[in-house]
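Okay, so here's the structure we're looking at.
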Amino acid sequence: MRIKVKIAGVGGQGVQLIGKLLAESAFRANLNVVQGVKYEPSTSGGLTVADVTIVPEDEIIGFPYIETNPSILLVLAQRGWDEYKHIVGENTIILADESNVKSLDLEIKHKAHYTIPFGKTAIELGTEKVMNVVALGFMAELLDFKGNYISDNLEEMHPHDSGDSTLLEVAPEKFEESIIDLSLQKFREVNINAFKRGYDMSMSLDIKDHL
Amino acid sequence: MKVQMKKQSRALSGRHLDSGNIAVAEGAIYSGLHGYYGYPIAPSTSVMERIVKRLPNLEDPGYFLQCEDEIASITSTIGCSWTRKKAMTATSGPGFSLMQEGIGLAVMTETPLVLVNVMRGGPSTGLPTFPGQQELMQAHFGSHGDYIIPTFAPWSVQECFDLMVEAFNTAEALRTPVFLLSDQVLSSLKEKFVIPEEGALEIVNRAHPGETITWKGEEISEEYVLGMNCFGEERKAFSTGLSHDESGHVDLSAGTFSRMTSRMFSKIEKYQHLLPKAVHHRLDDAEIVIVSFGSTARSAYEAVEIARESGKKVGLFRLRTLWPFPTKELEEVTKDREVIVVEMARDQLTWPVERAILRRVYYIAYPQGVIPPPSVILGKIAEVGE
Amino acid sequence: MEIDFSKLHHNLEDKLTSKMLPHIWCSGCSLGTNLQSLVRGATLTGLDMDKEMVMISGIGCTGRASGYVEFDGFHTTHGRAIPFATGVKTGNPNLEVIVFSGDGDLFSIGGNHFIHAARRKIDLTIICTNNSVYGLTGGQASPTSFEKTTTTTTVVENLRPFNLVDLALGAGADFVARYTSAHFKILPRIIKTAIETDGVAFIDLISGCPAIYGKKNGYPTPEYMVKNFLEASVEIEVKEDGSHLLPENTMMHFDRTKGYTKIPVGIFRRQDK
Amino acid sequence: MTELPVSHNKRFDAYVVGKRSNRVFVVDRDRCKGCRICVSVCPYEALAMSTDKTDRGYFYPVENGKCTACKQCLYACPDFVLSVHKVEEVVVGGDKQ
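Residue numbers (this note's numbering), protein chains in the order written: chain A, 8 to 218; chain B, 346 to 731; chain C, 13 to 285; chain D, 114 to 210.
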């Protein structure tokens with residue numbers, strides 16, 4: 008039973024920050040979590056990826072990266088999609104930013120895909136910089152209400168994990184706590200707003216029906 | 346107005362979500378670190394950045410210095426240790442190469458210290474932000490002359506902390522430099538680790554001349570480990586990188602050289618059983634044994650789990666002490682079984698494994714700046730199973 | 013009246029590691045004189061040599077000095093006396109740490125460490141026995157070998173020596189002095205001041221290698237060397253405008269047929285940090 | 114002049130010196146390397162080199178009666194050969210430890 012989230016974008020988009028916030032929130036929900044980090048030396052423009060794997064607290068996570076079939080693949084840049092489209096699997100929900108990923112060529116069987124205006128929403132909030140946190144809010148809603156639904160389906164993929172009934176829920180309050188604790192003072196408010204907007208967008212888009 | 350900083354405690358007891366480099370720093374501080382001397386180099390730098398936030402602000406503050414280069418880092422570390430303080434440095438690939446002469450000095454003068462090498466891909470500048478395991482042999486043979494330095498390898502953030510405490514205890518108990526070989530994957534991945542209460546773990550301090558200390562319930566004999574007379578204490582404390590006698594003074598005679606250097610080997614061999622033991626995972630009925638260490642072993646662990654689901658009898662022998670190499674244990678574990686060595690290097694772990702069991706093994710040499718994914722290991726398991 | 017021979021040991025014998033003497037240095041080498049001046053200077057401070065002082069040396073002829081005296085001491089790798097001393101001082105700030113090494117060790121292989129030590133102002137006393145040559149390895153050129161002098165590795169006129177006083181002043185040392193080993197009368201007091209300076213103290217201690225460098229370059233005997241040092245020494249005049257610190261006024265002159273022709277000596281800078 | 118201006122043993126030469134003959138000037142022949150610096154720095158021309166050699170093959174300084182125990186040579190000596198003591202401290206039954 009595990010949730011695997013891969014976030015791909017380019018440097019400067021805050022990919023590592025939301026990877027960290029996701030991991031921190033799951034950690035605060037008493038789950039076992041690993042955030043694998045890969046980066047290139049350049050801080051801006053280079054491909055950057057965060058892999059977050061979440062399991063019940065008593066389980067060991069070996070390989071810290073996501074090789075195939077993530078539960079969620081969040082792409083914030085075209086380069087991210089081009090680099091990782093081959094790892095999509097039958098359990099994958101693909102979330103792409105509308106304005107930054109122009110060409111979402113879907114060849115592999117997957118569970119669902121959505122193109123969401125994360126960037127546009129962030130601009131409405133005053134700065135495109137919070138695009139990442141809008142996307143985090145969107146994912147948080149999936150993890151809160153549907154996390155177990157997502158992971159239950161994964162049991163087919165990881166049969167050795169079966170028999171464990173621990174819930175993989177991460178409540179939105181845990182995310183808000185993490186955002187407050189880990190953001191710089193001047194970004195706290197705008198980050199919380201961005202998180203809530205993303206969360207609401209996810210609620211209103213009745214994803215569950217598609218799953 | 347000057348703000349009075351609240352003094353920090355050495356043990357930040359509790360649950361943490363953080364990276365391997367943070368755990369390394371906290372393990373050192375828990376063990377009683379006083380002096381840290383370092384030079385920025387990826388991917389080890391975050392150890393230093395954590396230390397500088399913590400060490401000067403402790404209730405019993407230590408000293409942090411950013412040196413002019415890695416040669417100065419290792420030498421200052423040795424100097425600090427000679428004042429009976431616990432000292433360390435951390436570096437990566439090119440820095441480890443620069444430190445080799447100083448490492449020889451630490452061996453020759455039997456100086457307790459801990460050197461953390463957060464491995465990246467080489468040679469030369471290589472892959473500064475990607476992992477490697479290519480310094481396994483350099484840890485053994487890097488400096489000139491014969492020596493053996495206890496070398497540990499963690500596979501998780503928790504072990505980065507635990508083995509750091511082991512490393513300091515080993516350094517103090519056996520009066521020797523100790524290496525911790527971490528890698529870029531562990532340096533940056535974040536996962537849970539727990540810091541015990543202050544006093545919950547045994548912390549060893551080096552012996553004075555004539556004093557007998559115990560470590561893990563065992564008395565350390567002065568026949569093997571000389572008590573250390575440090576600067577500022579009763580007698581003249583002296584040592585040199587030249588061949589010297591027990592008092593530290595130069596003696597180039599063959600007898601003295603041989604007596605001193607053999608003792609330096611035998612003290613490590615004598616207490617080898619107290620060093621961190623290898624972890625056996627699903628080895629009881631295994632037909633195939635995977636041998637690995639560090640972050641690579643995480644991938645091997647995943648591969649073993651997946652292979653077991655399809656009924657393949659595979660187990661993992663995960664090294665935690667790399668040097669001295671656990672030759673006998675490996676011999677027993679691999680008897681009549683196929684062996685696959687998995688490493689992020691070309692023939693560095695395979696070499697001592699083959700030498701230990703005296704036959705050819707299967708291996709995955711993967712010096713590509715990423716840990717070999719489970720799919721690659723599963724492919725090799727299938728190949729060996731046929 | 014009968015002499016008791018068991019009492020005839022050297023006046024400083026209790027500060028010497030007797031079992032290591034006689035030392036390895038050649039006849040007439042300035043190192044022994046310098047070492048004696050150091051021991052006398054250290055004694056003047058009133059500190060306990062064993063418990064309150066540490067003497068660190070590098071590699072080379074000078075490197076062996078720490079083994080001959082009863083300071084706590086350490087003989088490090090080539091060029092690394094300063095970083096080792098930095099570790100000692102930061103490990104135990106109560107110790108007075110003295111670096112006693114040569115020009116090759118401190119300014120060739122260890123040059124980077126020197127300028128950073130001077131920049132950092134961690135309290136160290138650095139005494140450089142500057143004899144312009146690599147003696148232990150048989151007479152190769154050092155960073156302070158003079159122009160147009162002969163060494164075993166001088167191919168063409170490729171030498172231009174460091175002016176160590178200028179270098180130390182530029183790098184920011186707090187106390188900078190230059191004397192020669194023939195100034196044994198006042199050296200102990202200078203060394204005492206250097207040790208007591210709170211910051212980086214540097215003494216460019218001009219010394220002779222009569223057996224190798226001197227023989228080829230104008231001071232063939234120890235006697236001549238001592239006379240040459242005293243005759244060539246010029247005490248600096250401290251000027252209000254600081255002009256005595258200009259490189260041309262701190263520079264030494266050397267003639268390969270006569271030895272030193274000008275050695276500006278004195279205390280060039282003294283400031284507590 | 115005292116009855117014992119100079120005493121020798123295998124290692125040391127001890128000269129009773131000074132205007133009031135209250136000092137002992139000592140040459141530690143074992144450590145001497147014959148560099149002649151002592152001879153050259155002596156302000157009183159009280160030293161000359163020996164005609165015979167030490168066990169290690171060096172000439173060594175010999176005092177000629179003019180020494181005032183001024184200690185110049187002692188400070189200049191690179192080999193810790195020379196020393197000056199008060200007479201009462203180095204005679205048999207003297208008070209020095």
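A virtual CB, placed ideally from N, CA and C, is assigned to each residue, including glycine.
Note that the structure is predicted; figures quoted are calculated from it, not measured.
If you keep only unbroken beta strand (DSSP E) runs of at least 3 residues inside the stretch 357–428 of chain B, you get 359–364, 378–383 and 408–411. Take residue 445 of chain B, set aside five residues on each side of it, and the residues of its chain with a beta-carbon closer than 6 Å to its own are 487 and 488, in chain order.
For residue 122 of chain A and residue 53 of chain A, the gap between their C-alpha atoms comes out near 23 Å. For residue 64 of chain C, the chain B residues whose Cβ falls inside 8 Å of its Cβ are 577, in order along the chain. Against chain C, the CB of residue 616 of chain B has no partner CB under 7 Å away; the residue lies outside that interface. A check of alpha carbon separations from residue 178 of chain C across C:62, C:171 and C:188 identifies C:188 as the nearest. Around the CB of residue 688 of chain B, 16 or more other CB atoms lie within 10 Å, so the residue is classed as buried.
Within the stretch 234–258 of chain C, those residues whose Cβ lies closer than 7 Å to any Cβ of chain D are, in chain order, 234, 235, 238 and 239.
Residue pairing of residue 275 of chain C in beta bridges, as defined by DSSP: C:245.
Under the three-state reduction of DSSP output, residue 98 of chain C falls in the helix class.
Per DSSP, residue 697 of chain B lies in no beta strand (DSSP E) segment; the continuous alpha helix (DSSP H) that holds it begins and ends at 695–702. Contact annotation: residue 633 of chain B and residue 683 of chain B have beta-carbon atoms nearer than 7 Å. By the criterion of a C-beta distance shorter than 7 Å, residue 357 of chain B is surrounded in its chain by 371 and 540, once the five residues flanking it on both sides are discounted. In the displayed model, residue 140 of chain C falls within a strand according to three-state DSSP.
Put simply, the stretch 373–393 of chain B does not touch the stretch 570–587 of chain B. Fewer than three CB pairs are less than 8 Å apart.
The criterion of a C-beta distance shorter than 7 Å is not satisfied by residue 139 of chain D and residue 13 of chain C. Taking a beta-carbon distance threshold of 7 Å, residue 99 of chain C counts as an interface residue toward chain B. For residue 70 of chain A, the C-beta contacts it makes with chain B under 7 Å involve 643, 644, 647, 718 and 719, in order along the chain. Two segments are said to touch when three or more pairs of C-beta atoms, one from each, lie closer than 8 Å; by this definition the stretch 213–233 of chain C touches the stretch 259–274 of chain C. Closest option to residue 152 of chain C, judged by alpha-carbon separation, among C:224, C:233, C:211 and C:242: C:224. The C-beta of residue 96 of chain C comes closer than 7 Å to at least one C-beta of chain B.
Taking CB atoms only, residue 44 of chain A has a neighbour in chain B less than 7 Å away.
Collapsing the DSSP output to three states places residue 88 of chain A in a helix.
One Cα belongs to residue 669 of chain B, the other to residue 604 of chain B, and the distance between them is close to 20 Å. Spanning the alpha carbons of residue 671 of chain B and residue 664 of chain B requires a straight line of approximately 8 Å. The Cβ of residue 581 of chain B sits closer than 7 Å to at least one Cβ of chain C.
Distance from the CA atom of residue 567 of chain B to the CA atom of residue 685 of chain B, rounded to whole angstroms, is 41 Å. In this structure, D:173 is the residue among D:157, D:164, D:201 and D:173 with its C-alpha nearest to the C-alpha of residue 124 of chain D. Three or more beta-carbon pairs separated by less than 8 Å are not found between the stretch 701–715 of chain B and the stretch 647–666 of chain B, which leaves the two stretches without contact. For residue 128 of chain C, the uninterrupted alpha helix (DSSP H) segment begins and ends at 123–132. Look at the stretch 89–137 of chain A and you find these whole runs of alpha helix (DSSP H), each 4 residues long or longer: 125–131. The beta carbon of residue 170 of chain D does not come within 7 Å of any beta carbon belonging to chain C, so the residue lies off that interface. The beta carbon of residue 621 of chain B sits closer than 7 Å to the beta carbons of 497, 508, 511, 665 and 666 from its chain, once the five residues preceding and following it are set aside; these are given in chain order. With respect to residue 77 of chain A, residue 11 of chain A sits close: the two C-beta atoms are nearer than 7 Å. Around the CB of residue 21 of chain A, 16 or more other CB atoms lie within 10 Å, so the residue is classed as buried.
For residue 258 of chain C, the closest alpha carbon among the candidates C:281, C:113 and C:238 is that of C:281.
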